[in-house]
Structure formats: structure tokens, C-alpha cells
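Colleague: Structure in C-alpha cells, see below.
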């Protein structure tokens with residue numbers, strides 16, 4: 011398991027030429043299935059727009075690099091409308107409020123925990139709210155806990171809604 015943020019900056023290298031074609035800039039998550047739809051890659055040419063590598067075309071992800079078959083595995087986002095239709099960048103999910111379906115603020119999404127072998131999100135790292143049930147928007151930076159993906163009802167644009175009463179996986183209602 012790895013935090014999505016830890017993937018950022020890894021070189022993307024092709025098998026066919028052994029060439030560095032860019033570096034990872036994030037992941038696109040299918041919020042309905044919690045699967046990784048694609049990696050976002052900043053090309054080596056600074057003037058090119060970021061590209062997408064569908065996760066199915068990723069050959070391997072190691073501590074030091076991401077391996078793809080060849081440069082044609084990368085595509086412009088405009089040519090992959092299905093990824094943009096179902097997915098959202100991890101950077102858009104970080105920072106959204108995590109709220110129980112009973113209306114209690116748990117905190118904000120700090121990061122996404124990804125199982126690289128399965129290509130899916132397994133948990134959301136939540137930075138907890140100060141003061142428990144009566145908390146306002148004050149967030150305690152030291153309070154981090156994992157919210158298993160099975161307890162997430164919705165990952166929306168402004169809020170992640172969960173059945174859990176605590177980010178540590180307390181009683182689900």
C-alpha cells in the first residue's frame with residue numbers, strides 16, 4: 011500500500027527504449043469503483059500538456075520508477091474522455107471534507123492509500139477535526155486516521171460522505 015502523494019515525481023520509463031518520458035504528477039481515481047483509472051504524467055518537454063497512462067498499461071511501479079511499454083502508452087486527456095468522465099485527480103479529492111451521513115465532520119481527506127497490485131484505493135487518510143462532534147472547520151494536523159473505502163458512500167466535489175462515525179472505522183450506521 012502506498013499514499014497517492016508518494017507516487018508524485020517518479021520517473022516514467024519505457025521498456026522499449028529505456029527512455030525517461032516524463033514523471034508522475036498524480037493519479038486519476040474512478041470515484042464510483044475506487045479504482046485507479048490512470049496515472050497523470052508530466053512529459054519531459056515542459057511545454058507539453060500533462061498526459062494520461064491508463065492504469066492497465068502500466069507495467070510496473072517501483073520505489074524508483076514507473077515502467078510503461080512505450081511512449082505511445084501515454085495519451086492526451088482529450089483522447090481518453092472515458093477517464094475524465096468517471097475519474098477525478100487525487101489532487102481534487104485531497105482537502106475535501108469527510109462527513110458522516112449523520113452530518114458529523116470527521117476532518118478532511120489528507121491522502122488516498124492505494125494498493126498498487128489491485129490498482130485501487132483501499133482507504134482514505136483523514137486529518138481529523140479538533141473537538142469531536144462539536145468541531146467547526148478547525149483541523150488538527152497531528153490527527154491522522156484511515157477510513158476504509160468500504161465505509162465510503164460518496165466521493166463528491168465538496169465532501170466525502172461516510173457511514174462511519176469515526177475515521178478510525180467506528181460504528182457504521
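In our numbering, the protein residues as written are 11 to 183.
Beta carbons are placed, not taken as given, at the ideal position from N, Cα and C, and that holds for glycine.
Just so we're clear, the structure is a prediction, and the values are computed from it rather than from any experiment.
#1: Is the number of C-beta pairs between the segment 54-63 and the segment 29-37 that are closer than 8 Å three or more?
#2: How is the beta strand (DSSP E) around residue 95 delimited, first residue to last?
#3: Could you check if residue 43 is buried or exposed, using at least 16 other CB atoms within 10 Å of its CB as the buried criterion?
#4: Taking the C-alpha atoms as reference points, what is the distance between residue 21 and residue 73?
#5: Rounding to the nearest angstrom, what Cα-Cα distance links residue 40 and residue 96 in this structure?
#6: Looking at the secondary structure, which residues open and close the beta strand (DSSP E) in which residue 40 lies?
#7: Pull up the distance between the alpha-carbon of residue 71 and that of residue 133, whole angstroms please.
#8: Hey, out of 91, 118 and 90, whose CA is closest to residue 101's CA?
#9: Measuring only the C-alpha atoms, how far is residue 81 from residue 13?
#10: Out of 115, 91, 87 and 122, which one is the CA nearest neighbour of residue 103?
Modeller: The relevant details are as follows:
#1: yes
#2: Unbroken run through residue 95 is the alpha helix (DSSP H), 91-96; no beta strand (DSSP E).
#3: exposed
#4: 10 Å
#5: Distance between the alpha carbons of residue 40 and residue 96 is about 5 Å.
#6: Following the DSSP letters along the chain, one finds residue 40 inside the beta strand (DSSP E) bounded by residues 30-40.
#7: Cα-Cα distance, rounded: 19 Å.
#8: 118
#9: 25 Å
#10: 122
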